[in-house]
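Inspection log for the structure reproduced underneath, given as structure tokens.
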Amino acid sequence: MKGSNTNNNLITALYCRLSVEDMRMGESMSIENQRLMLTEFAQQRGFKNIKLYIDDGYSGTNNSRPAYVEMLNDIYDDKIGTVIVKDQSRLSRDHLESDKLMELVFPTYNVRFIAVTDGVDSANGFNDMTTMRNWFNDFFARDTSKKIRAVQRAKGERGERVGTTIPYGYMKGPNDPKKLIPDPETAPTVRRIFEMCAGGLGVNRICDILTSERIICPSVYAFRNTGNRSGNPNPDRPYHWAHTTVRKMLANQIYCGDTVNFKTYSKSNKLKKRIKNSPENILIFENTHEAIIDRKTFDVVQKHFEGRKRPDKMGEVDKYAGYLYCGECGARLYLRQGRNIDPATNNYSCSGHSKRTTDCSAHYIRAAVLDEIVLTALRQMTAYAREHTDEFYARVMSNGEAEAKKRLKESEKLKAEYNSRLGQLDSIIRTLYEDRVVGRITSERYDQLAAGYEQEQTDIKDKLSELEAQIDTEKLREDCVNEFIAKAREYVEMPKVTPELLRVFIRRIDVWEKEVKYSRTCGNRIDIKFTFLPDAATVIKGECIELLPVKNAG
Numbered sequence: 024m025k026g027s028n029t030n031n032n033l034i035t036a037l038y039c040r041l042s043v044e045d046m047r048m049g050e051s052m053s054i055e056n057q058r059l060m061l062t063e064f065a066q067q068r069g070f071k072n073i074k075l076y077i078d079d080g081y082s083g084t085n086n087s088r089p090a091y092v093e094m095l096n097d098i099y100d101d102k103i104g105t106v107i108v109k110d111q112s113r114l115s116r117d118h119l120e121s122d123k124l125m126e127l128v129f130p131t132y133n134v135r136f137i138a139v140t141d142g143v144d145s146a147n148g149f150n151d152m153t154t155m156r157n158w159f160n161d162f163f164a165r166d167t168s169k170k171i172r173a174v175q176r177a178k179g180e181r182g183e184r185v186g187t188t189i190p191y192g193y194m195k196g197p198n199d200p201k202k203l204i205p206d207p208e209t210a211p212t213v214r215r216i217f218e219m220c221a222g223g224l225g226v227n228r229i230c231d232i233l234t235s236e237r238i239i240c241p242s243v244y245a246f247r248n249t250g251n252r253s254g255n256p257n258p259d260r261p262y263h264w265a266h267t268t269v270r271k272m273l274a275n276q277i278y279c280g281d282t283v284n285f286k287t288y289s290k291s292n293k294l295k296k297r298i299k300n301s302p303e304n305i306l307i308f309e310n311t312h313e314a315i316i317d318r319k320t321f322d323v324v325q326k327h328f329e330g331r332k333r334p335d336k337m338g339e340v341d342k343y344a345g346y347l348y349c350g351e352c353g354a355r356l357y358l359r360q361g362r363n364i365d366p367a368t369n370n371y372s373c374s375g376h377s378k379r380t381t382d383c384s385a386h387y388i389r390a391a392v393l394d395e396i397v398l399t400a401l402r403q404m405t406a407y408a409r410e411h412t413d414e415f416y417a418r419v420m421s422n423g424e425a426e427a428k429k430r431l432k433e434s435e436k437l438k439a440e441y442n443s444r445l446g447q448l449d450s451i452i453r454t455l456y457e458d459r460v461v462g463r464i465t466s467e468r469y470d471q472l473a474a475g476y477e478q479e480q481t482d483i484k485d486k487l488s489e490l491e492a493q494i495d496t497e498k499l500r501e502d503c504v505n506e507f508i509a510k511a512r513e514y515v516e517m518p519k520v521t522p523e524l525l526r527v528f529i530r531r532i533d534v535w536e537k538e539v540k541y542s543r544t545c546g547n548r549i550d551i552k553f554t555f556l557p558d559a560a561t562v563i564k565g566e567c568i569e570l571l572p573v574k575n576a577g
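Residue numbers for the sequence shown follow the numbering used here, beginning at 24 and rising by one.
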């Protein structure tokens with residue numbers, strides 16, 4: 024240990040800290056109150072060379088507070104002779120950290136420690152209550168954290184948004200600060216980012232475009248409007264868009280109008296690192312606020328990231344990423360190309376075979392051939408939907424439009440009857456129970472009758488669930504068909520396959536092995552699932568085009 028240091032030229036550190044929880048305790052805990060109290064205390068007792076270290080808005084369990092870290096570094100550099108705080112909890116609410124400072128760090132570097140309101144002065148020695156007080160401060164932090172977590176959990180389970188940061192593109196509602204509404208200044212930028220990604224541009228390319236157009240990045244925008252420093256804003260580079268910023272925006276379901284709670288969690292109040300939650304623990308509440316992005320566009324963007332994410336040298340992502348799969352094993356097909364290779368030989372091959380994750384064969388299809396097949400199918404199917412609308416509708420819906428509406432009306436009527444009967448059964452069972460209580464029927468008779476009615480209830484609920492699923496499927500199918508017909512009338516000219524055409528008309532493409540392996544004349548079988556199929560994973564005979572055999576040179 025170093026010898027006693029009485030040099031009054033060393034810094035007298037006045038450390039002040041205020042957390043969000045401390046703010047609730049009123050003015051007595053404010054930074055200004057602490058500053059005045061400590062300054063007056065130091066001056067009255069003749070301490071010189073006073074320097075303030077202030078952490079405003081930091082928890083005492085956070086040992087990475089900037090002013091706190093600066094003060095420790097000055098202690099290690101032998102610049103500080105005395106540390107004065109309002110009370111021990113200002114220094115830290117982690118009893119391990121507090122004990123280490125008081126028992127090891129301060130004595131080693133000959134630093135005098137004073138906690139004014141606790142009556143602690145290391146010059147007079149520490150007593151047992153000093154250590155106990157550190158433990159109580161730690162306990163207070165843990166207890167407060169537990170209460171806050173309980174409140175946040177209850178809010179999150181009710182569907183209220185538990186995050187504190189307002190996502191870029193939204194703002195607080197003027198009449199209800201808990202309600203999110205689109206920000207007229209930034210919401211168009213969010214829509215454009217999603218449209219560019221859905222159109223096939225990679226994240227880096229999107230960042231370059233936003234930067235070149237001098238659009239202020241989210242962190243600087245928030246800092247200028249609210250003073251919020253989350254995201255580490257750099258005012259010197261206001262137009263710099265980072266890859267991670269755009270990528271997180273493209274994955275954020277909040278832009279669909281949904282509230283997503285508990286995506287991350289921390290193990291304790293002392294560990295600030297956020298850990299990704301498992302999907303079953305994440306709560307999603309749909310349509311809680313106005314959407315900026317429609318669900319179809321959002322789903323298309325997620326498809327892009329399910330496939331190969333790496334853009335080519337032009338900054339574009341493979342247009343078939345997220346659409347193209349192997350019909351044999353279900354693995355994705357990836358584009359094989361090279362800078363010094365003739366583009367005409369670019370091809371898609373099964374990743375299951377190349378990665379040896381499946382027993383699939385080494386089949387492939389040339390990119391140019393696939394484009395020709397897909398473009399032909401798109402032209403045929405959209406022309407059919409456009410020029411023979413009634414026939415197309417009848418084929419897809421398995422019945423005519425009038426018949427479909429009639430079946431839907433009958434299903435809705437049957438649903439109402441089921442719900443009415445469930446209400447009657449509840450009343451009957453309640454009446455039976457009252458009769459048993461007053462003695463009108465015996466317990467044995469009650470049990471016999473109630474069991475029958477309860478079984479009927481169970482049967483009706485099962486039928487109702489099945490009927491609701493049929494109604495939802497019928498409505499979804501009808502919506503998909505009508506939307507496909509409308510888009511077919513909009514997109515008449517199709518000079519080439521583009522990401523936009525895939526997004527509008529196609530859900531999935533399956534490429535199969537040739538019927539005759541290694542044949543140069545037998546083509547691959549291609550199954551195309553169009554968007555008029557509600558479920559992309561469901562292949563219904565007659566509702567997907569099967570072009571076979573397709574003759575190609577490889």
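Think of the CB as a built atom: it goes at the ideal place given N, C-alpha and C, for glycine as much as any other residue. Predicted model, so just to flag it, every value in this text is computed and none were measured.
Query raised in the report: Between Gly192, Asn547, Arg530 and Phe528, which lies nearest to lysine 537 when the distance is taken from Cα to Cα?
Result: Counted from its first residue, the sequence shown places residue 537 at position 514. Measuring from the Cα of lysine 537, the nearest candidate turns out to be Asn547.
Report task. Evaluate glycine 148 with the Cβ neighbour count: other Cβ atoms within 10 Å of its Cβ, from every protein chain shown; 16 or more gives buried, anything less gives exposed. Result -> Taking the first residue of the sequence shown as position 1, residue 148 is located at position 125. So glycine 148 ends up on the exposed side.
Requested in this report: Quick one: using the 10 Å Cβ neighbour count with 16 as the cut-off for buried, is tryptophan 158 buried or exposed?
Outcome: Numbered from 1 along the sequence shown, position 135 holds the residue referred to as residue 158. Label assigned to tryptophan 158: exposed.
**Report entry** Proximal residues to tyrosine 76 (C-beta, below 8 Å), its chain only, five neighbours per side dropped
**Finding:** Translated into the one-based positions of the sequence shown, residue 76 becomes position 53. For tyrosine 76, where only same-chain residues beyond five positions count, the Cβ hits under 8 Å are Ala36, Leu37, Tyr38, Cys39, Ala90, Tyr91, Glu93 and Met94.
Query raised in the report: Helix, strand or coil: how does DSSP classify methionine 194 here?
Result: The count along the sequence shown starts at 1 and reaches residue 194 at position 171. If DSSP states are grouped into helix, strand and coil, methionine 194 belongs with the strands.
Query raised in the report: In the DSSP assignment, what are the bridge partners of cysteine 302?
Result: Within the sequence shown, the letter at position 279 stands for residue 302. A quick correction: the sequence has proline, not cysteine, at residue 302. None; proline 302 has no bridge partner.
Report task. May I ask you to verify whether the stretch 467–482 touches the stretch 379–398, counting CB pairs closer than 8 Å and requiring at least 3? Result -> Contact between the stretch 467–482 and the stretch 379–398 is absent: fewer than 3 CB-CB pairs across the two stretches fall below 8 Å.
Query raised in the report: Distance, Cα to Cα, glutamine 471 vs threonine 412?
Result: Residue mapping note: residue 471 aligns to position 448 of the sequence shown, counting from 1. Residue mapping note: residue 412 aligns to position 389 of the sequence shown, counting from 1. Put simply, the backbone Cα of glutamine 471 is about 57 Å away from that of threonine 412.
Query raised in the report: Which class does aspartate 144 belong to by DSSP, given the choice of helix, strand or coil?
Result: Along the sequence shown, one-based indexing puts residue 144 at 121. Here aspartate 144 sits in strand by DSSP.
Requested in this report: Please classify threonine 282: does DSSP put it in a helix, a strand, or coil?
Outcome: One-based indexing of the sequence shown puts residue 282 at position 259. Note: threonine 282 maps to strand in three-state DSSP.
Query raised in the report: How big is the Cα-Cα spacing for threonine 320 and arginine 355?
Result: Numbered from its first residue, the sequence shown carries residue 320 at position 297. Numbered from its first residue, the sequence shown carries residue 355 at position 332. The straight-line gap from Cα to Cα measures roughly 21 Å.
Query raised in the report: Anyone know if the C-beta pair for isoleucine 137 and isoleucine 34 falls short of 8 Å?
Result: Taking the first residue of the sequence shown as position 1, residue 137 is located at position 114. Taking the first residue of the sequence shown as position 1, residue 34 is located at position 11. Taking 8 Å as the Cβ cut-off, isoleucine 137 and isoleucine 34 do not qualify as a contacting pair.
Query raised in the report: Is cysteine 220 helix, strand or coil by DSSP?
Result: As a first step, residue 220 is located in the sequence shown; it is residue number 197 there, counting from the start. The answer is helix: DSSP assigns cysteine 220 an H, G or I state.
Query raised in the report: Do you know how far the Cα of leucine 358 is from the Cα of asparagine 422?
Result: By 1-based counting over the sequence shown, the position of residue 422 is 399. By 1-based counting over the sequence shown, the position of residue 358 is 335. For asparagine 422, the predicted model reports a pLDDT of 47, less than 50, meaning its position is unreliable and no value from the coordinates is stated.
Query raised in the report: In whole angstroms, what separates the C-alpha of threonine 268 from that of asparagine 310?
Result: One-based indexing of the sequence shown puts residue 268 at position 245. One-based indexing of the sequence shown puts residue 310 at position 287. Roughly 24 Å between the two C-alpha positions.
Query - Contacts around alanine 473, its chain only, beta-carbon distance under 7 Å, and the 5 residues preceding and following it disregarded - result: Within the sequence shown, numbered from 1, the residue matching residue 473 stands at position 450. So the qualifying residues of the chain are Ile452 and Leu455.
Query raised in the report: What do you get for lysine 170, buried or exposed, if any count of 16 or more other CB atoms within 10 angstroms of its CB means buried?
Result: Reading the sequence shown from its first residue, position 147 is the one you call residue 170. It counts as exposed.
**Report entry** Between the CA atoms of threonine 287 and leucine 114 - distance to the nearest angstrom
**Finding:** Locating residue 114 in the sequence shown gives position 91, counting from the first residue. Locating residue 287 in the sequence shown gives position 264, counting from the first residue. Approximately 29 Å between the Cα atoms of the pair.
Requested in this report: For glutamine 57, count neighbouring Cβ atoms within 10 angstroms of its own Cβ and tell me buried if that reaches 16, exposed if not.
Outcome: In the sequence shown, counting from the first residue as 1, residue 57 sits at position 34. Glutamine 57 is buried by the Cβ-count criterion.
**Report entry** Segment contact, 8 Å Cβ cut-off, at least three pairs: the stretch 313–327 with the stretch 202–213
**Finding:** Taking a cut-off of 8 Å for Cβ pairs, the stretch 313–327 and the stretch 202–213 touch, as three or more such pairs fall below it.
Query raised in the report: Helix or strand or just coil, what does DSSP make of alanine 492?
Result: Counting from 1 along the sequence shown, the entry for residue 492 is found at position 469. For alanine 492, the secondary structure class from DSSP, reduced to helix, strand or coil, is helix.
Query raised in the report: Taking glutamate 183 as the reference, which of Gly462, Leu306, Glu467 and Thr105 has the closest Cα?
Result: Residue numbering aside, residue 183 sits at position 160 when the sequence shown is read from its first letter. The shortest C-alpha separation from glutamate 183 is found at Leu306.
**Report entry** Neighbour-count burial assignment, lysine 271, 16 or more Cβ in a 10 Å radius
**Finding:** For the purposes of this step, residue 271 is taken as the residue at position 248 of the sequence shown. It is exposed - the Cβ of lysine 271 has fewer than 16 other Cβ atoms within 10 Å.
Query raised in the report: Any idea if leucine 127 is buried or exposed, counting beta-carbon neighbours within 10 angstroms, 16 or more meaning buried?
Result: The count along the sequence shown starts at 1 and reaches residue 127 at position 104. Label assigned to leucine 127: exposed.
Query - Given 8 Å, three or more beta-carbon pairs between the stretch 213–222 and the stretch 520–534 - result: Yes: at least three Cβ pairs fall under 8 Å.
Query raised in the report: Helix, strand or coil: how does DSSP classify isoleucine 388 here?
Result: In the sequence shown, the residue the question calls residue 388 occupies position 365. Note: isoleucine 388 maps to strand in three-state DSSP.
**Report entry** Range covered by the beta strand (DSSP E) that runs through aspartate 550
**Finding:** Here residue 550 corresponds to residue number 527 of the sequence shown, with the count starting at 1. Annotation: the continuous beta strand (DSSP E) that includes aspartate 550 extends over 549–553.
Query raised in the report: What separation, rounded to the nearest whole angstrom, lies between the Cα atoms of glutamate 489 and methionine 420?
Result: Residue 489 sits at position 466 when you count from the first residue of the sequence shown. Residue 420 sits at position 397 when you count from the first residue of the sequence shown. Approximately 19 Å between the Cα atoms of the pair.
Query raised in the report: With DSSP run on the structure shown, which of helix, strand or coil describes leucine 33?
Result: Taking the first residue of the sequence shown as 1, we reach residue 33 at position 10. In the three-state DSSP reduction, leucine 33 falls in the coil class, being neither helix nor strand.
Query raised in the report: Going along the chain, which residues of its own chain have a beta-carbon closer than 6 Å to the beta-carbon of tyrosine 441, five neighbours each way excluded?
Result: Numbered from 1 along the sequence shown, position 418 holds the residue referred to as residue 441. Correct list, in chain order: Ile483 and Leu487.
**Report entry** Nearest residue (CA-CA) to tryptophan 535, options Phe553, Leu393, Asn369 and Ile189
**Finding:** The residue given as residue 535 occupies position 512 in the sequence shown. The option with the nearest alpha carbon to tryptophan 535 is Leu393.
Query raised in the report: When burial is assigned at 16 or more other CB atoms within 10 Å of the CB, is threonine 29 buried or exposed?
Result: As a working mapping, residue 29 is identified with position 6 in the sequence shown. Annotation note: pLDDT 48 at threonine 29 (below 50); position unreliable, no value reported.
Query raised in the report: Which stretch, first to last residue, makes up the alpha helix (DSSP H) that contains isoleucine 464?
Result: The residue you call residue 464 lines up with position 441 of the sequence shown. No residue range can be given for isoleucine 464, since it is assigned to no alpha helix (DSSP H) and is classified by DSSP as neither H nor E.
**Report entry** Per-residue burial, phenylalanine 415 [other beta carbons within 10 Å of its own, 16 or more giving buried]
**Finding:** Position 392 of the sequence shown, counting from 1, holds the residue named residue 415. Per the 10 Å Cβ criterion, buried.
Report task. With a threshold of 7 Å, establish whether the CB of threonine 154 neighbours any heavy atom of the ligand ZN. Result -> This structure simply doesn't include the ligand ZN, nor any ligand for that matter.
Query - As assigned by DSSP and simplified to three states, the class of glycine 423 - result: Here the question's residue 423 lines up with position 400 in the sequence shown. Any answer about glycine 423 is weak, because its pLDDT of 44 lies below 50 and its placement is not dependable; what the coordinates show is given next. Correct three-state label for glycine 423: coil.
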